[in-house]
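Colleague:
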Amino acid sequence: MKHAISFILNQEEIQLTVDSHRTLLDVLRDDLGLTGAKQGCDTGECGACSVLLNGVVVNACMVLAPEADGAEILTVEGLADEEELHPLQRSFIDHHGVQCGYCAPGMLIAAKALLNRTSRPHEEEIREALVGNLCRCGAYPDIIKSIQVASRARR
Amino acid sequence: MISRKPHIIGKPFPLIEAQRKLTGRSCYAGDEKPRSGQLYARILFSERPHARFQLHHVEAARSAPGVAALLTGQDLATRLGAQVEDRELLATAEVLYVGQPLAVVAAETPEAAEAALARIQVTYEDLPAVFDIEEALQGRVQVHPHWATYRGTDALQGDPRRNLAHTLRFRRGEPEDAMARAHVVVEHAYTTAPLHHAPLETHGAVAHRRGDQIVMWVHTQAPFLQRAVIARALKLPLNQVRLIGQCVGGSFGGKVHVSIEGLLAAIAREVDRPVRLHLTREEEFSATFITPAMRARIRMAADAQGRLVALQAVYDWNVGASVDLFLHQLESVLLAGTGPYVIPNVSIEVNAIYTHLPPAAPMRGLSLAHVHWAVEQHMDELAERVGMSPVDFRLWNLVKGGDKLFPHFVMHATGLESCAWETTKAIDWHPEAIPTGPNAMTGQGMALGWSPILIMPGCKNRVTIQCDGEDLCTVIVDGMDVGQGYYAFITQLIAFELNIPVEWISVLPTDTDAYEPEWQAVYQNLLWSTGRALLRATQELKRQVLSYVSEMWEEPVTNLDIVEGDIISYATRRRMSFRELLERGSGQGAPLVFRATGEYAASTDGGALDQRLQAFAATGYAAEVTVNMKTGHFVITQLAGAVDVGHALNPEGVRAQLKGGLVQGISTTVLEKMEFEDGRPISTDFMHYPIATTADLPRKLYPVVVEVPQSTGPYGARDVSNHVIIGAAAAIGNAIYRATGVRIRDLPITAQKVYDALQRAEKGQAP
Amino acid sequence: MHTFDYIRLHSLEEVAQHLAQGPGVRLMGGGNVLLLAIRRGEEAPQKVLDVKTIPELRDVRYHHNQGLKLGAAVPLQHLATGLEVRRHYPLLYQTAQKLASPQVRNRATIGGTLAWASPVSELAAPMLCYDTVCYLWSPRGRRDVPLHAFYLGDFRTVLMEDELITHVHLPPPPQRSHGVYLRQTVRHDGRRMIAATAVWAMRKQQNLTRWRIAVLGVDDRPKRIPEAEAALEGNPHPEDIQRALEIVQAHIHPQDVIYARADYRRVVLNALLQQGIHQVIHQLQSMRS
Ligand SMILES: Cc1cc2nc3c(=O)[nH]c(=O)nc-3n(C[C@H](O)[C@H](O)[C@H](O)COP(=O)(O)OP(=O)(O)OC[C@H]3O[C@@H](n4cnc5c(N)ncnc54)[C@H](O)[C@@H]3O)c2cc1C
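Protein chains in written order, with this note's numbering: chain A, -3 to 151; chain B, 9 to 775; chain C, 500 to 788.
1. Can you find the residues in the same chain that come closer than 7 Å, C-beta to C-beta, to A2(B), ignoring five residues on each side of it along the sequence?
2. With DSSP as the reference, label G102(A) as helix, strand or coil.
3. Shortest alpha-carbon distance to T444(B) belongs to which of M637(B), E563(B), I51(B), T482(B)?
4. Report the three-state DSSP secondary structure of M9(B) (helix, strand or coil).
5. Report the three-state DSSP secondary structure of Y776(B) (helix, strand or coil).
6. Using beta carbons (cut-off 9 Å, strictly below), is P20(B) in contact with chain C?
7. If you measure beta-carbon to beta-carbon, which residues of the region 739 to 754 of chain B are closer than 7 Å to chain C?
8. Relative to the alpha-carbon of F297(B), which residue among Q234(B), G345(B), P202(B), R240(B) has its alpha-carbon at the smallest distance?
9. Tell whether a beta-carbon distance below 9 Å holds between I141(B) and I306(B).
10. Nearest chain C C-beta to E8(A) closer than 9 Å, yes or no?
11. On the premise that L715(C) lies in contact with T696(C), defined as a C-beta separation below 8 Å, what is that separation, rounded to the nearest angstrom?
12. Would you mind sorting K19(B) into buried or exposed? The rule is 16 or more other CB atoms within 10 Å of its CB.
13. Report the three-state DSSP secondary structure of Q85(A) (helix, strand or coil).
14. Whole angstroms are fine: how far does the CA of M58(A) sit from the CA of L783(C)?
15. Hey, is M695(B) close to ligand 1, as in C-beta under 8 Å from one of its heavy atoms?
16. So with Cβ pairs under 9 Å, would you call E41(A) a contact of chain B?
17. So with Cβ pairs under 9 Å, would you call V149(B) a contact of chain A?
18. From P231(B) to H(-1)(A), what distance separates their C-alpha atoms?
19. So which residues on chain C does H64(B) lean against when the C-beta distance must stay under 8 Å?
20. Check each residue of the region 97 to 131 of chain A: if its Cβ is closer than 7 Å to any Cβ of chain B, include it; give the result in chain order.
21. Note down the Cα distance separating L244(B) from T161(B), rounded to an integer number of angstroms.
22. Are Y710(B) and I435(B) touching if we call contact CB-CB under 9 Å?
23. Would you mind giving the Cβ-Cβ distance between H364(B) and Y48(B), rounded to the nearest angstrom? I have them listed as a contact below 8 Å.
24. Would you decide whether N112(A) is buried or exposed? Buried here means 16 or more other CB atoms lie within 10 Å of its CB.
25. Given the structure, does R539(C) come close to ligand 1, in the sense that its CB is under 8 Å from one of the ligand's heavy atoms?
26. Taking 9 Å as the CB-CB limit, is Q8(B) close to chain C?
27. What are the start and end residues of the alpha helix (DSSP H) that includes I143(A)?
28. Given a cut-off of 9 Å on the beta-carbon distance, is the pair E38(A) and T288(B) in contact?
29. Would you say the beta carbon of N605(C) comes nearer than 8 Å to a heavy atom of ligand 1?
30. E683(B) touches chain C at which residues, Cβ-Cβ below 8 Å?
31. Is the CB-CB distance between L635(C) and D643(C) below 9 Å?
32. Give the single residue among L543(B), L549(B), V237(B), L272(B) whose Cα lies nearest to the Cα of I92(B).
33. Please return the same chain residues whose Cβ sits closer than 6 Å to the Cβ of A604(B), not counting the five positions on each side in sequence.
34. Which of the three DSSP states, helix, strand or coil, is assigned to W561(B)?
35. Under the assumption that A694(C) contacts L646(C) (Cβ atoms under 8 Å), give the Cβ distance between them as a whole number of angstroms.
36. Which of the three DSSP states, helix, strand or coil, is assigned to K667(B)?
If you want it as structure tokens, here you go:
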């Protein structure tokens, strides 16, 4: 079954036709060419495909594309403002929050979701907010630090 | 080389490619924009561990809609291997493990490729399989009956009738006599579980035959090595295979050797359109490599004064159906097999044993982690038996600079002792267990470790630097950045050596066509070898630049220098921007190009093992755990890890690597295990192969950088990434013992194992 | 993934129409279980009905006399953030915070989670303690089933082919009650559960009463152990606690799994329960009368 859907993606209106069984991740990556959200597991375990769906973090591999109809979506590509990096991105660079980098887009989105609801999270809250994002390099300590510093800098 | 503290080196320096990664613009496997006319490849994998098989309806599959090409072992019977060709590219008659490739197809869409493979019916005639090394050694079932005919086996000490792939031995003194006379002798066996590299990015690549060259865009750690293996398997000259390295989303050793890339090259050769292959998560777990399980049998003896007098150790590795990828590790195990201690009487045997499990590939220092898992728990037990503290006993027996360890190797200055002090200090060392709750005991443990920096025979590294008006400064390397900060390291060194701004420098994607196709590039301990090649290249480049200017200004070269991007004369105070010089060109309309290549090869190429040994990286660990004495449940509360990096060229980067290694250390110590059921992997997703999350981090994690310069390393530096992990398991095991009085000798350490051991101890059975 | 038709529903009547068409039709909440099953080829529905767009299934209503009524499509994340949950059903709040990840909680629905009926479903533990009742709806009408009677074991429930969960209802929480949720899992984020328990009770004058014990990972369904609860009634002495623990052991049937043996799961549950009971007693007794 085909669905004509429209949604706001990184502040831009998108209209397209999708099959029922395709996921939001498929559509972002294959139809829209936005490969920032990564395909890490396809089982909702790794968080590499995290995107914001109506302001909350979800795994795009576990969302059907037609469910995106009418939604507002933010992917890592929409995080930076024009040419200016988002403070989280800056902080990840400054504090080694990225090693191989495959988990980084998902981490940033999960962090953004956290900062949307808690402006100055403490370490424990950051850890909890990231339990759904695997990092095989084990860069968690620096990722946590990057987020913490970024949140402090915002004020 | 002297250890001067340069202005960029030794200061924080972020990853240069981090920005691309963080904005979603990096191109990992599966991210590449579809090329026009692109086909999709899929692979049919064996479902049996050992069987004769037949493929039916292959022609139906070949003529399925959308299929451009399909290959089976009947079409292409060839073997694969870097040193020993003990794998088939496509199985021809027998399968030797679950996940072995049987057919590869390229079709218009992934679905069409799937549908084509679904047409193939596989019938298996099961043969007896062995998964256990003891059973394999009995030789009732042979994994490789035709082993002796494989290329490369003549260089091995193996015995196919006993499934022995290779044996290495080292002997010093008279260990048997020394054991007999020793004050205490402790003997135990230690085991570990098979593991998976489990990178978040699954294997993937794109290949396109252009004329008679197959061009591949690969996400691997060792393009040069892979090119050599692929070319040989396809019987092509090296220059007809070209690999271009792309962003790698985690390798840890799992993307060094050829897995799917060989199949992709083979199928791409059949068509003249680009072909893309990207494994699913399930395929990644079940059809790439595993890191083998180890069994160590250790006897160690000390005298009444607490001096180690003898060690007898046998390290057995279950390498599955292929030893090829693991050979280099066996050498490291042999060299490091005593632990970092002086022991006068030693015998070490390292065996690789074939079974019907997937091919083995090393994983980030883990083979050495497993060696130390055994030796360092053993050291604690001996310390207790001779009545010394774990720290004192180790320091008393420690290897020191000047010790002649092997005929051709004298130990250099080492920070082992500092590693011990600094890590124990970090966790506020207290040697006794402390009750910390109604049923809770807290204990601390430590471990030391060492890791040989060993150059593979015939390996080199090259670095080419080009300065011109167009791109300013471009660098061609033969190693890959897999997240360890390799490109940042290169940029940093060049900026320092040429004294130019880092912004001028760009590292080009690694491309096997950049160099004459004659050698294999080193892919580990890259800092070591690339660093030295790089120094040669920068020196040559600088020489070229200054002699050009010297002619132009008619001044002796010795007056000239490059300072912060300017070329200056110390004599005349003349100054001009290097950038302007490049952009202006030669004046005759021709561009001005400086280009220099530096090369590094282990000086004693192909020599004895200890001649290829460059150095030992030293490490130290201290861990604290709190254990529930009723259930065995435990929490790692503190973990400190130190590496003597020689000289931290990029201290924050080093600490980042350290922290990451410690987290991986925890993960592989308490969580990870590849589970098989009759040879069939059942850990095929992250639910069945759990890796550490943020919830598994200890409250306190201390990365400790120790710097005892290495006179032979670039700026006195040694490598980091591979060595970080090696003592974590042992330190955690020792901490568990300290807290509970029971020892776990089988990795991973789980709560249930601790509980079982506590129960046995309560019943008075041997712990 | 296997192909199917995705259909957004807007009313219960629509649900009825589709479900009446018989097999091949599946309801979807967050899809965490369903999409995985489809991807693995374990299920191959022709139609997937999204119930998240039915307005009444998104209801959240709290009234101090009537308690909390939650629509079946309310995401679990609400239980980890909602003020009324935090204030009046702290045990549910605390459990929800530990459950899976933000990504999963933002999608997973209360209805889908209960209908999943896994023996390790963590949501069940606090819900059982709070005497939750499920409202089931079908064209034949509504029926209310207490959660403890909802599970039939081995991932089965009392739900009929044409039935769905529309709401769950948690009665008003009594004053001066306390509950704890304790789990032991291999990975500390909750993956690979060995055993878990929620223990809850309230204080009436000097008595500790209405004990609730819910256990996970030790039987074919999440379950309460009323016989053990009864043994704790009043002011439990150490012997009573011991007896309650023994009763629990007699009423569970843990299975071996690859990461834990059945006998070990018993040991773990016992330790968690003991700890939970003591914590509840301690908390309730230290409340001012
Ligand atoms: C990565 C991951 C980690 C997880 N970790 C945990 C954990 O730590 N602890 C834990 O407890 N759980 C965990 N879970 C499980 C998770 O809680 C469940 O997957 C989720 O709650 C199911 O809810 P859903 O709304 O997504 O269900 P769906 O997949 O939408 O539905 C599940 C089933 O219920 C049916 N259904 C849906 N809605 C209704 C309704 N209103 N009435 C009747 N039937 C209905 C569907 O047809 C389907 O059969 C995890 C899941 C994932 C993917």
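Each residue gets a CB set at the ideal place from its N, CA and C atoms; glycine is no exception. All of these numbers come straight from a predicted model, not from anything done at the bench.
Modeller: Concretely, from the data shown:
1. With chain B represented from 9 up to 775, any question about residue 2(B) goes unanswered, as that position is not in the structure.
2. Start at 1 with the first residue of the first sequence, and residue 102(A) comes out as number 106. Of the three classes helix, strand and coil, the one that applies to G102(A) here is helix, per DSSP.
3. The count along the second sequence starts at 1 and reaches residue 444(B) at position 436. That would be M637(B), whose Cα lies nearest to the Cα of T444(B).
4. Along the second sequence, one-based indexing puts residue 9(B) at 1. The predicted model places M9(B) with a pLDDT of 33, which falls under 50 and marks its position as unreliable; any figure quoted below should be read in that light. Reduced to three states, the DSSP call for M9(B) is coil.
5. Examination of residue 776(B) is not possible in this model, given that chain B is present from 9 through 775 alone.
6. Stepping through the second sequence from its first residue, residue 20(B) is reached at position 12. Because P20(B) carries a pLDDT of 49, less than 50, the predicted location of this residue cannot be relied on, and the following value inherits that uncertainty. Closer than 9 Å: no.
7. none
8. What you label residue 297(B) is simply residue 289 of the second sequence in a count that begins at 1. Checked all of Q234(B), G345(B), P202(B), R240(B); the closest Cα to F297(B) is P202(B).
9. Taking the second sequence and counting its residues from 1, one reaches residue 141(B) at position 133. Taking the second sequence and counting its residues from 1, one reaches residue 306(B) at position 298. Not a contact, by the Cβ cut-off of 9 Å.
10. Position 12 of the first sequence, counted from the start, is the residue given in the question as residue 8(A). No, because no Cβ of chain C sits closer than 9 Å to the Cβ of E8(A).
11. Residue mapping note: residue 696(C) aligns to position 197 of the third sequence, counting from 1. Residue mapping note: residue 715(C) aligns to position 216 of the third sequence, counting from 1. Sure, about 7 Å apart at Cβ, within 8 Å.
12. Taking the first residue of the second sequence as position 1, residue 19(B) is located at position 11. Below a pLDDT of 50, predicted positions are generally treated as unreliable, and K19(B), at 49, falls in that range; the measurement from the model is reported next regardless. Counting Cβ neighbours within 10 Å, K19(B) comes out exposed, since fewer than 16 surround it.
13. Indexing the first sequence from 1 puts residue 85(A) at position 89. Q85(A): helix per DSSP, three-state reduction.
14. As a working note, residue 783(C) is residue 284 in the third sequence. As a working note, residue 58(A) is residue 62 in the first sequence. Looking at the two C-alpha atoms, the distance is approximately 42 Å.
15. Residue numbering aside, residue 695(B) sits at position 687 when the second sequence is read from its first letter. M695(B): yes, Cβ under 8 Å from ligand 1.
16. Within the first sequence, the letter at position 45 stands for residue 41(A). Yes, its Cβ sits closer than 9 Å to a Cβ of chain B.
17. Here residue 149(B) is taken as the residue at index 141 of the second sequence, counted from 1. No, V149(B) lies away from the interface with chain A (no Cβ there is under 9 Å from its Cβ).
18. As a first step, residue 231(B) is located in the second sequence; it is residue number 223 there, counting from the start. As a first step, residue -1(A) is located in the first sequence; it is residue number 3 there, counting from the start. So the alpha carbons of these two residues sit roughly 43 Å apart.
19. The count along the second sequence starts at 1 and reaches residue 64(B) at position 56. Going along chain C, no residue has its Cβ under 8 Å from H64(B), so there is no contact; the nearest lies around 22 Å.
20. G97, Y98, C99, A100, P101, L104, R123, L126, V127, L130
21. Along the second sequence, one-based indexing puts residue 244(B) at 236. Along the second sequence, one-based indexing puts residue 161(B) at 153. About 22 Å.
22. As a working mapping, residue 710(B) is identified with position 702 in the second sequence. As a working mapping, residue 435(B) is identified with position 427 in the second sequence. A contact, by the Cβ cut-off of 9 Å.
23. Counting from 1 along the second sequence, the entry for residue 364(B) is found at position 356. Counting from 1 along the second sequence, the entry for residue 48(B) is found at position 40. Between Y48(B) and H364(B) the Cβ distance is about 30 Å, and since that is not below 8 Å, they are no contact.
24. Counting from 1 along the first sequence, the entry for residue 112(A) is found at position 116. Per the 10 Å Cβ criterion, exposed.
25. Looking up residue 539(C) in the third sequence gives position 40. Because no heavy atom of ligand 1 lies under 8 Å away, the Cβ of R539(C) does not count as near it: no.
26. Look at the range of chain B in this structure, 9 to 775, and you will see that residue 8(B) is not part of it.
27. If you number the first sequence from 1, residue 143(A) lands on position 147. Here the alpha helix (DSSP H) through I143(A) covers 136 to 149.
28. Reading the first sequence from its first residue, position 42 is the one you call residue 38(A). Reading the second sequence from its first residue, position 280 is the one you call residue 288(B). For clarity, residue 38(A) is Asp in the given sequence; the question names Glu instead. In this structure, T288(B) lies closer than 9 Å to D38(A) by Cβ.
29. Position 106 of the third sequence, counted from the start, is the residue given in the question as residue 605(C). Checking every heavy atom of ligand 1 against the Cβ of N605(C), none is found closer than 8 Å.
30. The residue you call residue 683(B) lines up with position 675 of the second sequence. Result: I757.
31. Residue mapping note: residue 635(C) aligns to position 136 of the third sequence, counting from 1. Residue mapping note: residue 643(C) aligns to position 144 of the third sequence, counting from 1. Yes. Within cutoff.
32. Here the question's residue 92(B) lines up with position 84 in the second sequence. In the sequence as presented, Ile is not what sits at residue 92(B); that position holds Val. Answer by Cα proximity: V237(B).
33. Indexing the second sequence from 1 puts residue 604(B) at position 596. So the list reads I473, A545, E548, L549, once near-sequence residues are dropped.
34. For this step, residue 561(B) is matched to residue 553 along the second sequence. Three-state DSSP puts W561(B) in a helix.
35. For the purposes of this step, residue 694(C) is taken as the residue at position 195 of the third sequence. For the purposes of this step, residue 646(C) is taken as the residue at position 147 of the third sequence. About 19 Å; that fails the 8 Å criterion.
36. Counting from 1 along the second sequence, the entry for residue 667(B) is found at position 659. Helix at K667(B).
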